[in-house]
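In this note's numbering, the protein residues as written are 131 to 460. Beta carbons are placed, not taken as given, at the ideal position from N, Cα and C, and that holds for glycine.
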Ligand SMILES: C[S@@+](CC[C@H](N)C(=O)[O-])C[C@H]1O[C@@H](n2cnc3c(N)ncnc32)[C@H](O)[C@@H]1O
């Protein structure tokens with residue numbers, strides 16, 4: 131059963147407007163558009179990339195029934211313990227025992243990480259999980275008691291949450307999987323729903339590129355084309371700060387962590403650069419004019435030297451003076 135405390139922090143995935151829970155239990159947006167609720171899970175999915183989103187939904191509808199029965203094989207293959215690997219990725223979120231925080235797990239699937247994350251969520255903190263596949267989420271939901279995790283069926287490329295809501299965002303095996311999702315769109319949404327300063331951890335299947343041309347790589351790719359997934363560095367959002375990228379599990383899982391910043395990184399482009407050339411990085415970038423003849427350049431260099439000022443100061447003063455003379459007292 132949905133309650134208004136939970137619904138108040140969901141948004142229409144398209145317009146990002148608030149949703150309304152009516153007394154008869156239906157969920158609508160301000161314009162009256164109704165959202166279905168299946169098994170207590172609201173369907174707030176906006177399909178953004180028909181081909182890939184529908185491929186994911188049908189693939190995981192088929193896999194959901196046996197996902198938990200066979201998933202251990204991946205870790206047996208790499209002679210590893212699944213929970214140890216998953217916990218080592220979750221460790222990077224640094225959420226243990228933190229009170230009053232909001233944690234989001236994207237593409238949570240059947241909840242194999244969710245149960246481990248839940249153990250680290252302190253009282254008074256919120257734990258949200260989402261996935262585009264209702265079939266996978268039904269399995270997840272059965273692993274929890276009511277109220278332990280707040281679930282939406284939704285698309286990571288159009289999330290139904292408010293701006294800057296979460297303090298930590300996690301995904302393993304969903305975000306970054308370009309074979310069935312639009313990674314740039316996912317990253318954009320992650321930045322939107324995460325508060326500046328918050329931590330993001332994203333891991334997924336993708337053979338380290340230097341292993342493509344090995345027997346190890348060829349056997350794995352032959353077995354499952356998802357090993358060919360290649361996390362493109364250009365998909366990392368400009369807001370990402372202190373990015374750490376590693377490959378774990380014998381080089382078959384990428385693991386990226388970063389803190390969320392605001393806009394592009396900041397630098398002081400305005401300090402005077404010492405030396406003959408002078409100017410600042412900003413004047414050098416934005417102040418470019420046409421070139422001059424070699425004779426004029428030589429004259430300018432001699433004049434600059436005589437005045438004992440930088441070339442930036444000489445050009446700035448000379449060109450300003452010439453322009454003002456022509457324009458007449460500007
Ligand atoms: C390989 S499973 C991983 C599930 C889980 N995180 C785990 O580690 O077992 C990939 C999951 O990504 C989900 N998924 C794929 N595209 C998605 C999208 N655009 N938005 C949300 N979830 C998506 C699938 O439905 C599936 O549950």
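Closer than 6 Å: residue i CB and nearest ligand 3 heavy atom
i, result
"residue 311", "What this structure holds is ligand 1, not ligand 3."
Selection from the options that minimises the alpha carbon distance to residue i
i, options, result
"residue 442", "330, 419, 425 and 423", "419"
"residue 397", "283, 411 and 386", "411"
"residue 369", "251, 322 and 271", "322"
"residue 236", "300, 403 and 230", "300"
"residue 179", "291, 145 and 284", "284"
"residue 244", "355, 228, 265 and 269", "269"
"residue 414", "430, 426 and 440", "440"
"residue 371", "389, 383 and 379", "389"
"residue 401", "395, 394 and 409", "409"
"residue 342", "217, 328 and 357", "357"
"residue 366", "391, 177 and 188", "391"
"residue 360", "324, 383, 353 and 373", "383"
"residue 328", "350, 355 and 296", "296"
"residue 373", "447, 362, 379 and 386", "386"
"residue 275", "137, 131 and 393", "131"
"residue 263", "171, 425 and 207", "171"
"residue 377", "219, 350 and 313", "219"
Reduced DSSP category for residue i - H, G, I as helix; E, B as strand; rest coil
i, result
"residue 72", "The shown model of the chain, from 131 to 460, leaves out residue 72, and the question about it has no answer."
"residue 230", "coil"
"residue 398", "coil"
"residue 258", "strand"
"residue 248", "helix"
"residue 155", "coil"
"residue 193", "helix"
"residue 164", "strand"
"residue 427", "helix"
"residue 141", "strand"
"residue 183", "helix"
"residue 347", "helix"
"residue 323", "helix"
"residue 300", "strand"
Residue i CB to nearest heavy atom of ligand 1 below 6 Å
i, result
"residue 190", "yes"
"residue 242", "yes"
"residue 306", "no"
"residue 213", "no"
"residue 262", "yes"
"residue 317", "no"
"residue 239", "yes"
"residue 286", "yes"
"residue 303", "yes"
"residue 186", "yes"
"residue 266", "yes"
Presumed contact (8 Å Cβ cut-off) between residue i and residue j, rounded CB distance
i, j, result
"residue 173", "residue 166", "5 Å"
"residue 277", "residue 255", "Incorrect: roughly 13 Å between the Cβ atoms, too far for contact."
"residue 155", "residue 197", "With 8 Å as the limit, residue 155 and residue 197 do not qualify as a contact, their Cβ atoms being about 30 Å apart."
"residue 201", "residue 242", "7 Å"
"residue 337", "residue 381", "7 Å"
"residue 306", "residue 334", "5 Å"
"residue 144", "residue 176", "5 Å"
Residue i burial status per 10 Å Cβ neighbour count (16 or more: buried)
i, result
"residue 168", "exposed"
"residue 261", "buried"
"residue 304", "buried"
"residue 483", "There is simply no residue 483 to check, as the chain begins at 131 and stops at 460 in what is shown."
"residue 271", "buried"
"residue 311", "buried"
"residue 316", "buried"
"residue 224", "exposed"
"residue 215", "buried"
"residue 222", "buried"
"residue 186", "buried"
"residue 324", "buried"
"residue 438", "exposed"
"residue 282", "buried"
"residue 444", "buried"
"residue 199", "exposed"
"residue 253", "exposed"
"residue 416", "exposed"
"residue 452", "exposed"
"residue 133", "exposed"
"residue 353", "exposed"
is_contact[residue i, chain B] using C-beta, thresh 7 Å
i, result
"residue 271", "Absent from the structure: chain B. Only one protein chain is present."
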